[in-house]
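J.: Just passing along the structure, written as structure tokens.
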């Protein structure tokens, strides 16, 4: 019986260490949109919930949303069940930029995750199958990111070996500095940085930044 318990503990530990957390960035003020775009209803549910639903298909019950400017509104929506199946991480200093929000979010994750997939709440056009391609290419220590508009960007998966770098981020550039510090880059200043794998992801270039973007998306999805 004791051997069975030890075996069960080992299995549980291995399973947990292989889990990938999904962290959705939703801390910004959305000043160009003019209101809480995260809760804007699109096709019957909030924009943020669309992203959460996709995330849960990738990593069930391991979805986190970093909130900030609109934390009270998003928290209230969660209480009212308009936002479901995600853990909220409040970032008080959201005004310091996306990098700061990523750092706060990663610092709140359990240390035994094997990696974290970072998503932006407003990248409405991304499909689950595309995000799954990032996970398929993730080996536990590399960085796998989307490639669109001739540059690397999120969505991106970072291994646990990058957590300390993520927690050191500041400013509004997000994790771009990590995406271009790969040991495989010719101009890379950090030979110890993880390898970065790019995956073509043109849909990631479509986001809801202002109300005009919303109208374009609604027309596109209706047609």
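Residue numbers (this note's numbering): 63 to 285.
Where is the CB? At the ideal position from N, CA and C, for every residue including glycine.
Using CA coordinates, which residue listed in 143, 133 and 208 is at the minimum distance from residue 107?
T.: Residue 107 sits at position 45 when you count from the first residue of the chain shown. Taking only the C-alpha atoms, the option nearest residue 107 is 143.
J.: Pull up the distance between the alpha-carbon of residue 245 and that of residue 227, whole angstroms please.
T.: Reading the chain shown from its first residue, position 183 is the one you call residue 245. Reading the chain shown from its first residue, position 165 is the one you call residue 227. Because the pLDDT of residue 245 is 49, which lies under 50, any placement of that residue in the model is unreliable, and the number read from its coordinates should be weighed accordingly. The alpha-carbon atoms of residue 245 and residue 227 are separated by roughly 15 Å.
J.: Taking just the CA atoms, how far does residue 207 sit from residue 215?
T.: Walking along the chain shown from the start, residue 215 turns up at place 153. Walking along the chain shown from the start, residue 207 turns up at place 145. Answer to the nearest angstrom: the Cα atoms are 6 Å apart.
J.: Do the stretch 156 to 167 and the stretch 104 to 124 meet, that is, are 3 or more Cβ pairs less than 8 Å apart?
T.: Result no; under three Cβ-Cβ pairs closer than 8 Å.
J.: Can you tell me where the alpha helix (DSSP H) with residue 207 in it begins and where it stops?
T.: In the chain shown, residue 207 corresponds to position 145, counting from 1. Per DSSP, residue 207 belongs to no alpha helix (DSSP H); it is in the beta strand (DSSP E), 205 to 210.
J.: Please determine, among 232, 90 and 268, the residue with the shortest C-alpha to C-alpha distance to residue 186.
T.: Translated into positions along the chain shown, residue 186 becomes position 124. Selected option, being the one with the closest Cα: 268.
J.: Whose C-alpha, out of 184, 160, 152 and 126, is nearest the C-alpha of residue 95?
T.: Locating residue 95 in the chain shown gives position 33, where the first residue counts as 1. Distance check between residue 95 and each of 184, 160, 152 and 126 places 184 closest, using alpha-carbon atoms only.
J.: List in chain order: all unbroken beta strand (DSSP E) runs of 3+ residues lying wholly within the stretch 120 to 174.
T.: 125 to 129 and 149 to 152
J.: Buried or exposed: where does residue 117 fall if 16 or more other Cβ atoms within 10 Å of its Cβ makes it buried?
T.: Taking the first residue of the chain shown as 1, we reach residue 117 at position 55. It counts as buried.
J.: Within its chain, find whatever has a CB closer than 6 Å to the CB of residue 149; leave out the 5 residues flanking it on each side and keep chain order.
T.: Indexing the chain shown from 1 puts residue 149 at position 87. So the qualifying residues of the chain are 126.
J.: Under 8 Å by Cβ, that's how I've got residue 204 and residue 136 pegged, so tell me the actual separation to the nearest angstrom.
T.: Your numbering for residue 204 matches position 142 in the chain shown. Your numbering for residue 136 matches position 74 in the chain shown. Not really, about 32 Å apart at Cβ, beyond 8 Å.
J.: Helix, strand or coil, according to DSSP, for residue 257 in the structure here?
T.: In the chain shown, residue 257 corresponds to position 195, counting from 1. In this structure, residue 257 counts as coil in the three-state DSSP scheme.
J.: Using only the alpha-carbon positions, how far apart do residue 283 and residue 211 sit?
T.: Position 221 of the chain shown, counted from the first residue, corresponds to residue 283. Position 149 of the chain shown, counted from the first residue, corresponds to residue 211. Between residue 283 and residue 211, the C-alpha separation is close to 22 Å.
J.: Look at the Cβ atom of residue 159, then the Cβ atom of residue 221, and state whether they are nearer than 7 Å.
T.: To locate residue 159, count along the chain shown from 1; it is residue 97. To locate residue 221, count along the chain shown from 1; it is residue 159. Contact flag unset, no.
J.: I'd like the list of long-range same chain contacts for residue 155, defined as Cβ closer than 7 Å, with 5 residues on each side in sequence excluded.
T.: Looking up residue 155 in the chain shown gives position 93. So the qualifying residues of the chain are 162.
J.: Determine whether the beta carbon atoms of residue 180 and residue 85 lie at a separation below 7 Å.
T.: For the purposes of this step, residue 180 is taken as residue 118 along the chain shown, with counting starting at 1. For the purposes of this step, residue 85 is taken as residue 23 along the chain shown, with counting starting at 1. Taking 7 Å as the Cβ cut-off, residue 180 and residue 85 qualify as a contacting pair.
J.: For the alpha helix (DSSP H) that contains residue 280, what are its first and last residues?
T.: On the chain shown, position 218 is the one that residue 280 refers to. Residues 273 to 284.
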